[in-house]
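There are 2 protein chains.
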Amino acid sequence: MSTKEATMTTQEVANRFNELSQTGQWELIQSELYAENAVSIEPEHSQGLKRAEGLEAIKQKGKQFGEMVEQMHGGYSNKPEVAGNHFAVAMGMDVTMKEMGRMKMDEIAVYEVKDGKIVKEQFFY
Amino acid sequence: MSTKEATMTTQEVANRFNELSQTGQWELIQSELYAENAVSIEPEHSQGLKRAEGLEAIKQKGKQFGEMVEQMHGGYSNKPEVAGNHFAVAMGMDVTMKEMGRMKMDEIAVYEVKDGKIVKEQFFY
Numbered sequence: 297m298s299t300k301e302a303t304m305t306t307q308e309v310a311n312r313f314n315e316l317s318q319t320g321q322w323e324l325i326q327s328e329l330y331a332e333n334a335v336s337i338e339p340e341h342s343q344g345l346k347r348a349e350g351l352e353a354i355k356q357k358g359k360q361f362g363e364m365v366e367q368m369h370g371g372y373s374n375k376p377e378v379a380g381n382h383f384a385v386a387m388g389m390d391v392t393m394k395e396m397g398r399m400k401m402d403e404i405a406v407y408e409v410k411d412g413k414i415v416k417e418q419f420f421y
Numbered sequence: 297m298s299t300k301e302a303t304m305t306t307q308e309v310a311n312r313f314n315e316l317s318q319t320g321q322w323e324l325i326q327s328e329l330y331a332e333n334a335v336s337i338e339p340e341h342s343q344g345l346k347r348a349e350g351l352e353a354i355k356q357k358g359k360q361f362g363e364m365v366e367q368m369h370g371g372y373s374n375k376p377e378v379a380g381n382h383f384a385v386a387m388g389m390d391v392t393m394k395e396m397g398r399m400k401m402d403e404i405a406v407y408e409v410k411d412g413k414i415v416k417e418q419f420f421y
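In structure tokens:
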């Protein structure tokens with residue numbers, strides 16, 4: 297019996313992502329599925345940080361976003377579409393931000409998987 | 297009665313894209329759904345043209361790819377996932393290229409819609 301974990305396929309990473317996203321466990325998604333050197337990319341027109349390098353920076357970015365949230369009213373994360381070493385997810389939220397009021401956000405997120413871990417997340421909105 | 301066409305929503309563009317892709321009508325997708333100033337972006341590691349600007353350049357790129365194909369054995373284009381002004385499609389093909397032999401390619405394609413037309417296509421593989 298070996299203690300070595302088998303490397304997950306992209307489909308398996310996507311399945312686990314979906315399993316965790318349905319109950320909003322985004323922090324667990326990051327700590328369990330992301331590579332230490334993962335990169336996060338927002339659109340050019342984004343008003344926030346456009347590129348975060350490394351899991352710590354990505355967690356920090358998530359924390360900063362969380363601090364700007366007044367109230368989360370709802371959200372969704374659809375079933376991932378998998379192709380090769382990538383998967384795409386349509387997701388969104390209905391949120392009241394402290395400075396900007398209530399808004400709905402919808403986006404496509406594309407994830408790149410390498411050696412069983414997410415190495416890149418890229419958002420389109 | 298007005299001759300002015302209603303601007304399609306992103307969902308409607310995605311539906312029409314899916315309808316045409318199921319029968320492989322890629323040229324019709326381009327001429328019917330793409331904006332004249334549409335942009336096409338391949339990954340950094342792509343061996344071909346990484347960026348094509350304008351519908352004519354995109355059509356030319358498709359033509360060049362077609363000329364490199366020895367035989368197309370099969371392909372698929374899944375149902376689009378729509379979020380906001382983007383939609384994502386998992387797609388792939390089983391193809392024999394003239395110089396490189398037979399291979400399977402799978403990719404995520406992300407489309408940005410503006411004023412009822414596709415203004416950007418971006419591929420992930």
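Chains as they are written, first to last, in our numbering: chain E, 297 to 421; chain U, 297 to 421. All C-beta atoms, glycine included, are put in the ideal place defined by N, C-alpha and C.
For a test of the three-state rule: what should DSSP assign to residue i, helix, strand or coil?
i	result
E/Q257	There is simply no residue 257 of chain E to check, as chain E begins at 297 and stops at 421 in what is shown.
E/N311	helix
E/M346	Position check: residue 346 of chain E holds Lys in this sequence, whereas Met was assumed. Of the three classes helix, strand and coil, the one that applies to E/K346 here is coil, per DSSP.
E/E332	strand
U/Q326	helix
Which residues in the same chain have their Cβ closer than 6 Å to the Cβ of residue i, if we skip the five residues on either side of it in sequence?
i	result
U/A348	S336, I354 and K357
U/R398	T392
E/Q418	I337 and V406
E/G371	M389
U/K416	V335 and E408
E/K400	D390
Got a sec? Which residues, its chain only, sit under 7 Å from residue i by beta carbon, not counting five neighbours each side?
i	result
U/V378	T306, Q307 and A310
E/P376	A310, F313, N314, F383, A384 and V385
E/I325	F313, L316 and S317
E/I404	A384, A386 and F420
U/K413	L329, Y330 and A331
According to the neighbour-count rule (16 or more other Cβ atoms, all chains shown, within 10 Å of its Cβ), is residue i buried or exposed?
i	result
E/N333	exposed
U/H369	exposed
E/L387	In the sequence under discussion, the amino acid at residue 387 of chain E is Met, which differs from the Leu named in the question. Buried, because 16 or more other Cβ atoms sit within 10 Å of the Cβ of E/M387.
E/L329	buried
U/F420	buried
E/L351	buried
E/V409	buried
E/N373	Strictly speaking, residue 373 of chain E in this sequence is Ser, with Asn absent from that position. Buried, since its Cβ has 16 or more Cβ neighbours within 10 Å.
Since residue i meets chain U, which of its residues come closer than 9 Å, beta carbon to beta carbon?
i	result
E/E403	A379, G380 and H382
Could you tell me which chain U residues have their CB closer than 7 Å to the CB of residue i, listed as they occur along the chain?
i	result
E/N374	E377
Anything in chain E within Cβ reach of residue i, meaning under 8 Å, just list it in chain order.
i	result
U/V406	A384, I404, V406 and F420
For a contact meaning CB atoms closer than 9 Å, what does residue i contact in chain E?
i	result
U/M387	A379
Return the chain-ordered list of same chain residues with a C-beta closer than 8 Å to the C-beta of residue i, the five sequence neighbours on each side being excluded.
i	result
E/D402	A386, M387, G388 and Y421
E/T303	D411 and G412
Open item on the list: Could you tell me which whole beta strand (DSSP E) segments of length 3 or greater appear in the region 352–406 of chain E?
Closed with: 365–373, 377–379 and 382–393
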